[in-house]
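Have a look at the structure below before the remarks.
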Amino acid sequence: MIIDISEWQVPATINYSMLAKQVQVVIVRVQYGKDYEDRAYKQHLQMFQSLGIPCAVYAWVRGKTIQEMKEEACIFYQRAQAFQPAFWWLDVEEQSMLDMRAGCERYRRTLKECGSSKVGAYIANHLYHQFQLDTPAFDAIWLPSYGKNTGLFEGVTPTATREYQLHQYTSNGRLSGYNGPLDLNQLNRTTFETLFGRTVSSKKETNENGKGELTLRTFQLEYPIYLRTKPTVQSGVIALLPKDAQVRIQNIHIADGYLWGEQLRSDGTKGYLALGNFEKFGKLIT
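And the structure:
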């Protein structure tokens, strides 16, 4: 079960723990064009990630020129990169400029240049042929097709093309933990691992040599901290994690005079952040 949500799903009305038990991935809206920042995306991402649910992000595309498409992509990346989403999606549902193919390609390329590993396009089924996006350039295509929109999959699939990896089959789905309609999605011609990468889905995992278990912990930061490629202060920076970010930690290392938390990232790689003596940098919350 894959859901996509935005500020329309008000955080105060969601039982995140209950909803998280029913989903594998949550795709969260970050913005509507460059000027409108979704009011709930940070809380949605923090809550689901703290519960071990992989998250992706999307942005409604509204650029009117090639330059505006580039600016939108940069702002999208700046807003979401600290959460290290498993996938980045362009939501293409309106014709904001004459040549949508060129505009969306500039958007995609900019996200890649910024550092996004996987970039896909959500394209309105009835606009697919009109826009003529360069779909092979994207890492995945996501299409909607509802049928009677009863909340269940009725066997109705997108008509624009067979070459898509994610199908939004209803906007009227219902799941425990939220008393309102939800967009529900399913995979097509791909696997969960291929699309979203390796993920952490439970409180414990077998360690690398197959012996024992690693207990996962969620750490809430009280100060911004750099996430690095190795547990040393000289290693490369992956991201600057903001204050109040919640990070899943599976191992602790000692190096360069610091305690380092090891984070398993959505693409299977690992990141490391200096935790100090815990009291200085944050508090253990689970």
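Going by my numbering, the first residue of the sequence shown is number 1, and it counts up by one from there.
The C-beta atom is built at its ideal place from N, Cα and C for all residues, glycine as well.
Nothing here was measured: the structure is a model prediction, and the numbers come from that model.
When DSSP builds the beta bridges, which residues end up paired with residue i?
i	result
residue 245	Its beta-bridge partners do not exist; DSSP assigns none.
residue 170	184
residue 55	26
residue 271	263
residue 253	260
residue 66	None; residue 66 has no bridge partner.
residue 175	178
residue 60	32 and 91
At the level of alpha carbons, what is the spacing between residue i and residue j?
i	j	result
residue 159	residue 127	11 Å
residue 263	residue 182	30 Å
residue 108	residue 78	15 Å
residue 24	residue 143	19 Å
residue 288	residue 129	The structure shown does not extend to residue 288, since the chain is modelled only from 1 through 286, so no value can be given for it.
residue 43	residue 62	24 Å
residue 220	residue 98	45 Å
residue 200	residue 139	Confidence in residue 200 is poor, its pLDDT being 35 and thus under 50, which makes the residue's placement unreliable; the coordinate value appears in the next sentence. Whole-angstrom Cα-Cα distance: 22 Å.
residue 188	residue 117	21 Å
residue 168	residue 270	31 Å
residue 20	residue 3	10 Å
residue 66	residue 255	46 Å
residue 134	residue 5	26 Å
residue 172	residue 149	6 Å
residue 260	residue 249	9 Å
residue 153	residue 145	10 Å
residue 9	residue 28	10 Å
residue 178	residue 16	8 Å
residue 180	residue 174	7 Å
residue 170	residue 54	21 Å
residue 228	residue 235	6 Å
residue 7	residue 218	24 Å
residue 83	residue 147	34 Å
residue 48	residue 22	12 Å
residue 80	residue 112	14 Å
residue 161	residue 92	16 Å
residue 237	residue 38	27 Å
residue 58	residue 114	15 Å
residue 157	residue 141	14 Å
residue 125	residue 184	16 Å
residue 166	residue 96	24 Å
residue 190	residue 52	22 Å
residue 265	residue 105	27 Å
What whole-angstrom Cβ distance do residue i and residue j have, given they're in contact under 8 Å?
i	j	result
residue 110	residue 70	5 Å
residue 241	residue 225	5 Å
residue 18	residue 176	5 Å
residue 46	residue 75	The Cβ separation is near 20 Å, so there is no contact.
residue 86	residue 192	Actually they do not touch by this definition, with Cβ atoms about 10 Å apart.
residue 40	residue 11	5 Å
residue 60	residue 33	6 Å
residue 89	residue 122	5 Å
residue 164	residue 230	About 38 Å; that fails the 8 Å criterion.
Taking the beta carbon of residue i as the centre, do at least 16 other beta carbons fall within 10 Å, making it buried, or is it exposed?
i	result
residue 100	buried
residue 281	Caution applies to residue 281, whose pLDDT of 46 falls short of 50 and renders its modelled position unreliable; the value that the coordinates give is listed next. So residue 281 counts as buried.
residue 14	buried
residue 94	exposed
residue 136	exposed
residue 243	exposed
residue 257	exposed
residue 247	buried
residue 186	exposed
residue 68	buried
residue 26	buried
residue 119	buried
- Within the region 89-149, ranges of the beta strand (DSSP E) (whole runs, at least 3 residues): 119-123 and 140-144
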